[in-house]
Structures are given as structure tokens and as C-alpha cells.
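Chains as they are written, first to last, in my numbering: chain A, 57 to 377; chain B, 57 to 377.
By construction, the Cβ of each residue, glycine as well, lies at the ideal position given by its N, Cα and C atoms.
Source: prediction; values computed, not measured.
Down below is the structure, laid out as C-alpha cells.
There are 2 protein chains.
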Amino acid sequence: MVAAEDNPESFFAAAPPLRDADAVAARLGEFIARNSSAAGAGGGGRRIVCVTSGGTTVPLEQRCVRYIDNFSSGHRGAASTEYFLKAGYAVIFLHRRGSCQPYCRFLPDDSFLKFFDVDAESKVQVAECHAPVVKKAIGDYCKAIEGGYLLKLPFTTIFEYLQLLKMVATSISSAGPLGMFYLAAAVSDFYVPWDSMAKHKIQSGGGPLDMRLSQVPKMLSVLRNQWAPLAFCISFKLETDSDILIQKADMALNKYKMNIVVANLLATYKEEVIIVTDKERSTIRKMNKDEDLEMQIIKILSQNHSKYICGSTNGCVQSPD
Amino acid sequence: MVAAEDNPESFFAAAPPLRDADAVAARLGEFIARNSSAAGAGGGGRRIVCVTSGGTTVPLEQRCVRYIDNFSSGHRGAASTEYFLKAGYAVIFLHRRGSCQPYCRFLPDDSFLKFFDVDAESKVQVAECHAPVVKKAIGDYCKAIEGGYLLKLPFTTIFEYLQLLKMVATSISSAGPLGMFYLAAAVSDFYVPWDSMAKHKIQSGGGPLDMRLSQVPKMLSVLRNQWAPLAFCISFKLETDSDILIQKADMALNKYKMNIVVANLLATYKEEVIIVTDKERSTIRKMNKDEDLEMQIIKILSQNHSKYICGSTNGCVQSPD
Numbered sequence: 057m058v059a060a061e062d063n064p065e066s067f068f069a070a071a072p073p074l075r076d077a078d079a080v081a082a083r084l085g086e087f088i089a090r091n092s093s094a095a096g097a098g099g100g101g102r103r104i105v106c107v108t109s110g111g112t113t114v115p116l117e118q119r120c121v122r123y124i125d126n127f128s129s130g131h132r133g134a135a136s137t138e139y140f141l142k143a144g145y146a147v148i149f150l151h152r153r154g155s156c157q158p159y160c161r162f163l164p165d166d167s168f169l170k171f172f173d174v175d176a177e178s179k180v181q182v183a184e185c186h187a188p189v190v191k192k193a194i195g196d197y198c199k200a201i202e203g204g205y206l207l208k209l210p211f212t213t214i215f216e217y218l219q220l221l222k223m224v225a226t227s228i229s230s231a232g233p234l235g236m237f238y239l240a241a242a243v244s245d246f247y248v249p250w251d252s253m254a255k256h257k258i259q260s261g262g263g264p265l266d267m268r269l270s271q272v273p274k275m276l277s278v279l280r281n282q283w284a285p286l287a288f289c290i291s292f293k294l295e296t297d298s299d300i301l302i303q304k305a306d307m308a309l310n311k312y313k314m315n316i317v318v319a320n321l322l323a324t325y326k327e328e329v330i331i332v333t334d335k336e337r338s339t340i341r342k343m344n345k346d347e348d349l350e351m352q353i354i355k356i357l358s359q360n361h362s363k364y365i366c367g368s369t370n371g372c373v374q375s376p377d
Numbered sequence: 057m058v059a060a061e062d063n064p065e066s067f068f069a070a071a072p073p074l075r076d077a078d079a080v081a082a083r084l085g086e087f088i089a090r091n092s093s094a095a096g097a098g099g100g101g102r103r104i105v106c107v108t109s110g111g112t113t114v115p116l117e118q119r120c121v122r123y124i125d126n127f128s129s130g131h132r133g134a135a136s137t138e139y140f141l142k143a144g145y146a147v148i149f150l151h152r153r154g155s156c157q158p159y160c161r162f163l164p165d166d167s168f169l170k171f172f173d174v175d176a177e178s179k180v181q182v183a184e185c186h187a188p189v190v191k192k193a194i195g196d197y198c199k200a201i202e203g204g205y206l207l208k209l210p211f212t213t214i215f216e217y218l219q220l221l222k223m224v225a226t227s228i229s230s231a232g233p234l235g236m237f238y239l240a241a242a243v244s245d246f247y248v249p250w251d252s253m254a255k256h257k258i259q260s261g262g263g264p265l266d267m268r269l270s271q272v273p274k275m276l277s278v279l280r281n282q283w284a285p286l287a288f289c290i291s292f293k294l295e296t297d298s299d300i301l302i303q304k305a306d307m308a309l310n311k312y313k314m315n316i317v318v319a320n321l322l323a324t325y326k327e328e329v330i331i332v333t334d335k336e337r338s339t340i341r342k343m344n345k346d347e348d349l350e351m352q353i354i355k356i357l358s359q360n361h362s363k364y365i366c367g368s369t370n371g372c373v374q375s376p377d
């Protein structure tokens with residue numbers, strides 16, 4: 057028997073099945089077909105990016121009370137989605153349920169109600185000082201939804217995430233090099249296989265708890281080699297130890313044949329990232345506190361994607377006019 | 057050496073220190089002193105309840121990327137806080153950062169922006185259909201904040217939670233039997249002691265991961281026996297297996313000398329709970345879909361608390377008029 061870590065198919069075979077898989081596949085197929093046949097910015101179809109965002113959970117019990125989670129607010133994925141939409145991409149936002157949402161980043165974590173006033177006519181309205189931000193967010197959000205450029209797909213567990221990623225990747229492959237993966241989600245490296253998992257809540261009282269976690273198969277290789285071989289692929293590398301960051305980023309670039317790896321440290325990920333390709337490393341820093349680092353990141357990635365599309369189609373597709 | 061699971065003090069000694077502990081202690085002391093000296097509903101001081109809400113995390117690395125989490129939206133704690141405030145209690149809302157907040161339960165998880173309209177004068181306002189709910193929430197929230205009846209204290213890890221709980225309990229003890237604990241938080245049973253924890257992100261690639269988790273010391277005994285011996289204590293028992301639920305609730309009642317245990321099953325916790333005391337068990341069910349189960353729960357608990365105060369003070373304190 058081949059261990060699941062060497063064999064993605066056995067991971068999928070043993071995973072609890074995705075709910076509403078057929079309905080999700082249908083929405084996804086329609087979204088990709090419509091956008092890839094629409095006129096894109098440089099002629100050809102519209103570019104489509106799958107942004108993954110937030111952390112995946114690893115249930116420790118089948119009827120899940122406890123789980124292992126990965127740190128991720130989903131802020132980077134949400135912000136990046138906004139800038140991809142602005143750059144003319146259609147976005148499949150594959151996100152952790154409850155994580156930060158595009159155009160909702162302005163919302164305070166707490167004291168949400170301070171946002172509102174009740175005016176003289178007893179109408180509830182957004183407080184004056186917040187109104188411009190909210191108004192812009194609503195406008196941009198409505199444009200994305202009404203235009204049909206944004207498809208949101210939620211996940212919670214590693215099982216849901218990888219099944220959805222496979223579904224998106226095999227669908228997006230029809231868009232060829234116009235497809236992009238921006239893999240910002242914090243994906244679990246270790247998990248408890250479903251069939252070896254405790255059915256009920258693990259009881260305390262019996263002394264220390266020993267757990268053995270298996271490695272999650274590395275799906276980046278499968279994504280690249282089988283699911284969507286022509287898509288432009290960007291993965292993220294988050295470390296806490298700066299000594300090994302670049303080495304790990306280079307390894308991901310070579311081993312999984314990513315086009316770009318965005319490397320960042322937990323302590324500074326909001327202020328600085330390093331964009332690593334096989335040709336160069338460039339450090340991107342936040343210029344001022346009101347600027348989103350994602351604005352610069354998406355600009356660079358979009359330029360690199362353009363070059364990639366040109367290369368893939370043997371010469372750039374010209375704008376129709 | 058005594059293991060931390062038998063010795064709460066060694067748990068605290070080894071825990072990473074709480075940030076801003078002095079400032080939190082000062083706010084807490086002021087809140088409790090002011091409310092317990094204010095006139096309460098039945099004469100004497102105002103009753104003060106500490107509602108704990110949401111799940112605690114167990115970091116697996118000191119610079120935390122991965123952690124074990126407990127399932128809890130915080131919905132029950134947030135709803136209960138509203139009903140405690142309505143019943144005249146001052147509430148210390150000890151909650152998981154990012155969990156459900158009082159008076160914010162109406163907010164959709166997703167598609168939050170659908171809540172707003174931009175009117176003809178370009179003013180951002182809450183959509184007509186949601187306005188009554190939002191207006192009531194803002195009104196109730198402002199009343200609680202302006203009256204000084206609600207103190208919110210956030211936590212994330214088990215280390216923060218238990219240090220804050222100890223701080224609240226030792227402060228609230230000055231209110232004697234007017235103090236109440238409503239322990240709805242989902243607290244980790246197992247943890248990795250800080251000093252045996254990996255400093256950096258655990259690297260994958262080396263095969264399966266073996267972990268040994270220690271038991272978190274049972275702080276309910278310490279709360280009851282040392283920190284706040286006169287407070288009225290309610291703990292929760294959540295199980296996935298109905299066969300052991302009542303047995304576990306009875307055990308908690310006896311072992312930790314709780315006044316009441318609220319027992320619930322993961323599959324039905326929104327519709328049904330069993331209120332367990334040493335005298336009786338009563339099942340509370342949701343009457344209709346728009347009613348909060350917490351309305352009934354808090355009514356019963358408040359009545360039991362009244363009897364407890366009467367008993368503790370050798371005869372009921374009469375209303376002054």
C-alpha cells in the first residue's frame with residue numbers, strides 16, 4: 057500500500073466527500089467558461105486567477121470539536137482579490153469560512169456598532185467619518201458581483217480545501233496560460249487521516265495525549281503537472297526563521313516548478329515580501345502606512361503573467377484595436 | 057517536581073506573561089467596585105457575571121503559526137451576555153478575539169456589504185429591511201456601554217484565557233454571592249507547555265509528526281475553592297456522544313462543586329440544553345425559530361442565582377421600596 061503522502065489519489069479517496077460538489081462544479085464551470093470567452097484587457101479571453109486565502113483546519117475528531125488550525129487572517133488574500141479585480145482579472149476566491157473578505161477589510165474586529173449613527177429621522181446610517189470608505193467598498197463590490205467577475209468558494213478543513221482546489225484547477229486548465237494560481241492560503245502540512253480519526257470527542261482525564269500526524273501530500277506538484285499544467289503558478293512561503301526563508305522559497309520554486317514564490321516572515325509579512333523567480337529576487341516594501349503592500353505585489357505578478365502569456369502563445373496577443 | 061496538571065501554580069509560572077496585565081487589572085477593579093456598590097435590582101449591589109465565550113487555542117510553536125483550536129463560534133456567550141444585561145447584570149465578557157460579539161449576532165458571516173444602501177443624497181445607510189434589527193442593537197449596545205455595565209476582555213490562547221480568568225475571579229470575589237461565573241468558553245483540555253514548545257515553525261518533510269500534549273490543570277476546582285469561593289458557578293458540558301453527556305455533567309457538578317451544569321450535544325446545542333443541578337435536570341428547548349434559547353436559560357439561571365443570594369445572606373435582601 058502506498059502511503060497517502062506519496063499518493064494524492066489515496067488522500068482524496070479517504071477524505072470525507074465534499075458537500076454539494078455537483079452544484080459547486082456547475083457554478084465554477086459556468087464562471088470559467090463565461091470569463092475565459094469574454095474579451096480580456098489585451099484581447100483573447102479574460103484572465104482568471106484562483107486566490108486561496110486563510111488557513112485550513114485539521115480535524116482531530118470526526119464529529120469535530122477540536123482541530124489544528126494554521127495562523128492566517130485571510131487579509132492578504134482579501135486585499136489581493138481587490139487588486140486582481142482592479143487589474144481586470146476574474147477571481148475565484150477560495151477562502152476559509154469566516155476569514156477576511158474582499159471589500160470588508162475596513163471593518164473593525166470589534167466595536168462594529170460604532171460604525172453606525174441613528175439620524176434625526178431615525179434612519180440608521182454609517183457614521184460620517186467612515187462613509188467614504190464604506191461607499192467605495194460597496195461600489196467596488198457591487199461592480200465585481202454584477203459584472204460576474206468574483207466567485208467566492210468557502211472551505212474549512214484541509215479535506216474541503218484540497219478537493220475544491222482540485223476542482224478549480226481541473227476547470228481552470230481550459231483557460232490555458234490565462235489561468236493563474238495565487239496560493240496565499242496557509243495549508244496544513246500534517247493531518248489525521250479520516251479513517252484513523254477518533255469518532256467522538258477525545259476524553260481528557262487519562263493523562264497526556266499522544267498524537268501521530270501524517271504528512272499532507274504535496275499537491276503543488278500535482279497541480280502543476282496534472283491538474284492545470286499551463287496555468288501561471290504563484291505560491292507563498294511563510295517562515296518564522298529568516299535564516300531558512302530564501303532557501304525554502306528556492307526549494308519550492310524548483311521542486312514544484314512554481315513560476316514565482318512570494319516569501320515572507322511572520323514578524324514582517326505585512327510590511328515586506330520577497331518576490332522570488334528563477335531569475336531574480338526582489339524585495340517589496342510598504343511605502344507608507346495607508347498603502348496596501350498587495351497593490352505592488354499584484355502589479356508585479358500581473359506583469360509577469362503578461363510575459364508568460366506572450367511566451368506561451370508564441371508572441372503577444374495584440375489588443376484588437 | 058509536581059506536574060502542571062496537578063498544580064495550577066506551575067502552569068501559571070511557566071505561561072508566557074499576559075500583556076498589559078496591570079492596565080487590565082485596573083479596568084477590572086474599577087468595573088467591579090463601581091457595579092457592586094451600585095444599587096442592584098433587589099437592593100444590595102448590582103449582580104456581576106463573568107461570561108466566558110469562544111474557544112481557546114493551544115499554540116504548537118512559540119512564534120505561532122500552528123495551533124490546536126476548539127470549536128466555538130461564541131454565539132451562545134454573545135447571546136447570553138445580551139440577556140444578562142437585560143436582566144440587570146453587569147457583564148464581564150471574556151471572549152475569544154474575533155468570536156461573535158453581543159448585539160452583533162444579526163450580522164451575516166458573509167456578504168456583509170449587502171446590508172447597506174447608498175441613497176439618493178449619496179448617504180450610506182442600512183438597507184430598509186435590516187434597519188429595525190440594527191437600530192435596536194445599536195440602542196441596546198449604547199445603553200450597556202454608556203451605563204458602564206459591559207466590560208469586554210479578549211483572549212486567544214489558553215495561557216491568556218486562564219490568566220484572565222484568574223484575574224477576574226480574584227477581583228469578583230469581593231462581590232461575594234452577587235458574583236456569577238457562566239463558563240461557556242470551550243477550553244482546551246490538552247496543551248503544549250511553553251518551555252517544551254518548538255521555537256520556530258515545525259518543518260514538514262521529515263515524515264509523520266508525533267506530538268505529546270499535557271493535560272491542562274482543571275481550574276474549575278481552583279476557581280471554586282480559592283479564587284472566588286462565594287460566587288455562583290455555572291459550567292458547560294459539550295459532548296458529541298449522548299450516552300455519556302449526563303454522566304459527565306453530574307461528574308462536573310460533584311467534582312468541581314458547580315452550582316449548575318448546562319449540558320449540551322454538539323448536534324443539537326442550538327435547539328436544546330439540559331440544566332443540571334444537584335436536585336434536578338430540566339430540558340430546555342427552543343420554542344420557535346426566532347426565539348433565542350439563551351432567553352430561557354438566563355431566566356432560569358437568574359432565578360437560581362436569586363435563591364442562592366438569599367441563602368448566602370441568611371434571608372432575602374428586600375427591595376428597598
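Residue i versus residue j: straight-line alpha-carbon distance, rounded
i         : j         : result
ILE194(A) : THR296(A) : 36 angstroms
VAL189(A) : SER155(A) : 20 angstroms
GLU138(A) : ILE201(A) : 12 angstroms
ASP245(B) : GLN181(B) : 45 angstroms
THR213(A) : GLY100(B) : 50 angstroms
HIS256(A) : ALA240(B) : 20 angstroms
VAL174(B) : LYS191(A) : 7 angstroms
ILE302(B) : ARG132(B) : 20 angstroms
LEU265(B) : SER270(A) : 6 angstroms
VAL58(A)  : SER252(A) : Since pLDDT at VAL58(A) reaches only 44, below the 50 mark, its modelled position is unreliable, and the value read off the structure follows with that caveat. Going from the Cα of VAL58(A) to the Cα of SER252(A) covers about 16 angstroms.
GLU347(A) : SER260(A) : 48 angstroms
ASP125(A) : MET275(A) : 19 angstroms
ARG153(A) : GLY130(A) : 10 angstroms
PHE140(B) : GLN352(A) : 48 angstroms
ASN281(B) : MET307(A) : 55 angstroms
ALA382(B) : LEU84(B)  : Limits of chain B in this structure are 57 at one end and 377 at the other, which puts residue 382(B) out of reach.
Cβ-based neighbour list, residue i, same chain, cut-off 7 angstroms, excluding 5 preceding and 5 following
i         : result
HIS186(B) : PHE171
LYS304(A) : LYS293, GLU295
ALA231(B) : ILE88, SER92, GLY101, ILE104
TYR123(B) : THR113, VAL114, PRO115, LEU116
SER298(A) : LEU321
Under the three-state DSSP convention, the category residue i falls into
i         : result
LEU163(A) : coil
ILE201(B) : helix
LEU220(B) : helix
ALA254(A) : strand
ASN281(A) : helix
PHE127(A) : coil
THR296(A) : coil
ALA319(B) : strand
ASP173(B) : strand
GLY195(B) : helix
GLN118(B) : coil
LEU357(B) : helix
CYS289(B) : strand
GLN259(A) : coil
Pair within 7 angstroms by beta-carbon distance, residue i and residue j
i         : j         : result
ALA81(A)  : MET223(A) : yes
GLU117(A) : ALA284(A) : no
ALA79(B)  : PHE215(B) : no
ILE365(A) : PRO233(A) : yes
ALA135(B) : GLU350(B) : yes
LEU321(B) : ARG119(A) : no
THR333(A) : ILE316(A) : yes
Close-in-space but distant-in-sequence residues of the same chain around residue i (CB under 6 angstroms, 5 per side omitted)
i         : result
ILE330(B) : ALA319, ARG337, THR339
PHE149(A) : VAL107, THR137, LYS208
ALA146(B) : ASN91, ARG102, ILE104, TYR205
SER128(A) : GLY110, GLY111, ALA242
TYR217(B) : THR112, PHE211
ASP196(A) : TYR159
LYS342(A) : GLU327, LEU349
Beta-carbon proximity list for residue i, same chain, < 8 angstroms, skipping 5 on both sides
i         : result
LEU220(A) : LEU74, VAL80, LEU150, LEU209, PHE211
SER93(B)  : GLY101
Discussion item. Check whether the segment 103 to 118 of chain B and the segment 94 to 113 of chain A touch, using three or more Cβ-Cβ pairs below 8 angstroms as the test.
Written reply: no
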